[in-house]
Amino acid sequence: MSNIGKIGEEIAAQYLIKNGYNILDKNISAPFGEIDIIAEKNNCICFVEVKSRKTEIYGLPEEAITKMKKNKIIKVAQFYIKKKHIKEKLFRFDVISIYFNKNTRQKIRHIKNAFSQ
Amino acid sequence: MISKLLSTALFGVEAFLVEVEIDVSNGLPSFNIVGLPDTAVQESKERVRAAIKNAEYQFPMQRITVNLAPADVKKEGPALDLPIAIGILSANNQLKSFSYKKYITIGELSLNGQIRPVNGILSIALMAKKMGINNLIVPEDNAMEAGIVDGINIFPVSNLREVVKFLNQEIDISPIIIDKKEIIKNIDDYQIDFTDVKGQNHAKRAIEVAAAGSHNVIMIGPPGSGKTMLAKRIPTILPSLSIRESIEITRLYSVSNLSNRNYPLITRRPFRSPHHTISNIGLIGGGRIPKPGEISMAHNGVLFLDELPEFNRSALESLRQPLESGKVTISRTLRSVTYLSNFMLVAAANPCPCGFFGDPVKQCTCTAYQIRKYKSKISGPLLDRIDIQIEIPRLDYRELTNRNGNRDNSSIIRYRVEKAKKIQQVRFKNKNIYCNSQMNRRNIERYCKITNDGQNLLNKAMDKLKLSARAYDKILKLARTIADLSQSEDINVSHLSEAIQYRSLDREDLL
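Just so you know, the protein sequences line up as chains A and B, in that order. In terms of our numbering, the first sequence opens at residue 1 and continues consecutively. In terms of our numbering, the second sequence opens at residue 1 and continues consecutively.
Pasting the structure below:
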């Protein structure tokens, strides 16, 4: 299971680089949660949550992000901003969902500004 | 970036100015509204977000803080959607800066950026005029109503893009001009007339007197004698509304979302007849944020309470104070609001539960206890406030088929009523009252002077009928109205004696 997650995060990072993002950090963890990828583009820092799924039986990958998960991500983001003394930047929370299909290639969906505080 | 706009919120029937301040700054994306917003204002976040996006503008992914000043008064309703959206666009530099103090902006947004109408627009326009802010940006559907107020520019808008372009001076919106004569024009198409009621000339005369002086009336009689029929025809003989009265009524209807969008000004006197199961709050007004009740909806018109003893006792008792003062103050923890409620009370009742007590033909089947219980529903203090008390007897065949009995139709009676009202208008000029029934003790002493003969008559009547001090005042007021109807300067004996006989409940054991 963790295997799929790792692969998913790798695919997401490659996707972001391909789209002109600069990866700042990966798997930032704080005592209360973690953020998968932190990337930057056009003076805007994106906190990216990656969700990967093999089947859609249990719903779409992006549906797995609950309110509690959102709050955790926001908290970690605040922690990160404070620690790195980031100023005068825009912030954004993104979700990248990856759906693996056995035969075809994986489907990537990038939801920009997926949620806010 | 910070931006400011002027808008309004309602407090009862009064509007007040709200300054909408919007700050957009860097930080984690969030959208907060402060300054005592209620739920509908809180929810405007979602409408504003969707409307900005769907009008093809950009919603900033930044920290947005909206402040509604003054911050200590609760703001309710969705009318602040539009100023919040415009403010966000302005703070985000998607809108050129404009002199915000010149405009008041109001409107509810739909998700696709269209602008929906809001309540209480007449009060808002009146307030804008008073504050000297001459430009009002209002939803298209509200423009007619706002246009009633002259001296200010009303710009009707239908969607968010239009407002942005207008403020950017890319397009020109011409302020609405309405033909006031056209909307004030009184529509005289009542389907009913006083000639429909056969016989009951005594009652018709009493109602004419009541209409002339805005006196309260109670009609008592067996079922089927025509009480309801008479009451329904009262609006047809009431004088037409002055502009001041029309605006007072329209403001109340507008805040209750009952005004007509195309014919916004109410030009007919309201006739409200609530069902007898109405609650106190339905009658007087109230709620967490007080809304006007039936008595306020009947302002400058008629409140008809059919089957008076069937009403909830406490609902009836709560009428006492508004009947005296012509307004009602509703206090709740959140706020207290005063609504005008200067209405003419018309009540109808049977003399007993079966309805035939005192009837010459049909036998009453009620027990003494039942009758006593029925009568006790209407308290003395309430009855005391009803100036005219008349009996509507059963009609016999001869009266029903008599074609000569009633020659006066509604418009003739209205002509006489209007003449009497004119006399009162001249009399009470600059007095802040408008009709005889509103006179207080001092006014009665001043305007209801009676001759020596009249004094003798009243003296005897007081002694014999054991009238209260209030009843004495009521008789004088009634006599004044009767004298006005006959265009007489002085109150003479015949006027007084007619007035005394309208106090039938003071002397008879009718109810």
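Cβ coordinates follow ideal geometry from the N, Cα and C atoms, glycine included.
Check, Outcome
"Are the beta-carbon atoms belonging to arginine 394 of chain B and proline 139 of chain B less than 8 Å from one another?", "no"
"For serine 116 of chain A versus proline 60 of chain B, is the C-beta distance shorter than 8 Å?", "no"
"Roughly how many angstroms separate the alpha carbons of asparagine 459 of chain B and threonine 365 of chain B, rounded to a whole number?", "39 Å"
"Whole angstroms are fine: how far does the CA of tyrosine 374 of chain B sit from the CA of alanine 348 of chain B?", "14 Å"
"Can a CB atom of chain B be found closer than 8 Å to the CB of leucine 90 of chain A?", "yes"
"For chain B, is any of its Cβ atoms less than 8 Å away from the one on glutamine 78 of chain A?", "yes"
"Taking a Cβ distance cut-off of 7 Å, strictly less, list which residues of the stretch 51-76 of chain A are near chain B, in chain order.", "Ile74"
"Give the DSSP bridge partners of serine 331 of chain B, in chain order.", "B/Ser336"
"Spatial neighbours of methionine 131 of chain B within its chain, please: C-beta separation below 8 Å, excluding the five flanking residues on both sides.", "Leu17"
"Please list the terminal residues of the continuous beta strand (DSSP E) segment that includes aspartate 463 of chain B.", "Taken as a continuous stretch (DSSP letters only), aspartate 463 of chain B belongs to no beta strand (DSSP E), being part of the alpha helix (DSSP H) at 452-465."
"Under the three-state reduction of DSSP, which class applies to glutamine 438 of chain B: helix, strand or coil?", "helix"
"Keeping to the same chain, check which residues put their C-beta closer than 8 Å to that of isoleucine 177 of chain B; ignore five residues upstream and five downstream.", "Gly147"
"Going by the beta-carbon positions, is the gap between leucine 303 of chain B and arginine 335 of chain B smaller than 8 Å?", "no"
"How many Å lie between glutamate 40 of chain A and isoleucine 64 of chain B at the Cα?", "22 Å"
"Are the beta-carbon atoms of serine 214 of chain B and cysteine 448 of chain B separated by less than 8 Å?", "no"
"Per DSSP, glycine 33 of chain A is paired with what?", "A/Ala30"
"Would you give the residue range spanned by the beta strand (DSSP E) that leucine 345 of chain B belongs to?", "344-349"
"Can you check whether the CB of asparagine 54 of chain B is closer than 8 Å to the CB of glycine 107 of chain B?", "no"
"Which residues in chain A sit within 7 Å of phenylalanine 343 of chain B, going by Cβ to Cβ distance?", "What phenylalanine 343 of chain B touches in chain A: nothing, since even the nearest Cβ is about 51 Å away."
"Can you list, in chain order, the residues of its chain whose CB lies under 7 Å from that of proline 309 of chain B, leaving out five sequence neighbours each side?", "Ala349, Tyr374, Lys377, Ile378"
"Which residue's Cα is closest to the Cα of proline 175 of chain B: B/Gln191, B/Gln425, B/Phe194, B/Asn153?", "B/Asn153"
"Would the stretch 192-199 of chain B count as touching the stretch 356-372 of chain B if we require 3 or more Cβ pairs under 8 Å?", "no"
"Quick one: what does DSSP say glycine 530 of chain B is sitting in, helix, strand or coil?", "Residue 530 of chain B lies beyond the residue range present for chain B, which begins at 1 and ends at 511; the question has no answer from this structure."
"Taking only runs of the alpha helix (DSSP H) that begin and end inside the stretch 387-426 of chain B, which ones reach a length of at least 4 residues, in chain order?", "397-401"
"When the Cβ atoms of the stretch 477-496 of chain B are set against those of the stretch 396-403 of chain B, are three or more pairs found closer than 8 Å?", "no"
"Determine which residues of the stretch 47-68 of chain B have a Cβ less than 7 Å from any Cβ of chain A, and write them out in chain order.", "Met61, Gln62"
"State the DSSP-derived secondary structure class of phenylalanine 271 of chain B, mapped to helix, strand or coil.", "strand"
"Of all Cβ atoms in chain B, is any one closer than 8 Å to the Cβ of glycine 20 of chain A?", "no"
"Hey, does asparagine 27 of chain A have any beta-carbon neighbour from chain B nearer than 8 Å?", "no"
"Looking at chain A, which residues of the stretch 21-33 of chain B have a Cβ within less than 9 Å of any of its Cβ atoms?", "Asn26, Gly27, Leu28, Pro29, Ser30, Phe31, Asn32"
"Report, in whole angstroms, the separation of the C-beta atoms of glutamate 56 of chain A and tyrosine 99 of chain A, which I expect to be a contact under 8 Å.", "7 Å"
"Could you pull out every residue in the same chain whose Cβ sits closer than 7 Å to the Cβ of aspartate 359 of chain B, ignoring the five residues on either side in sequence?", "Pro222, Arg394"
"If you draw a straight line from the C-alpha of arginine 233 of chain B to the C-alpha of methionine 297 of chain B, how long is it?", "18 Å"
"Express the C-alpha separation of proline 381 of chain B and serine 44 of chain B in angstroms, rounding to a whole number.", "48 Å"
"Kindly indicate which three-state DSSP category alanine 12 of chain A falls into: helix, strand or coil?", "helix"
"Unbroken alpha helix (DSSP H) runs of length 4 or more, entirely within the stretch 206-241 of chain B: which are they?", "227-232"
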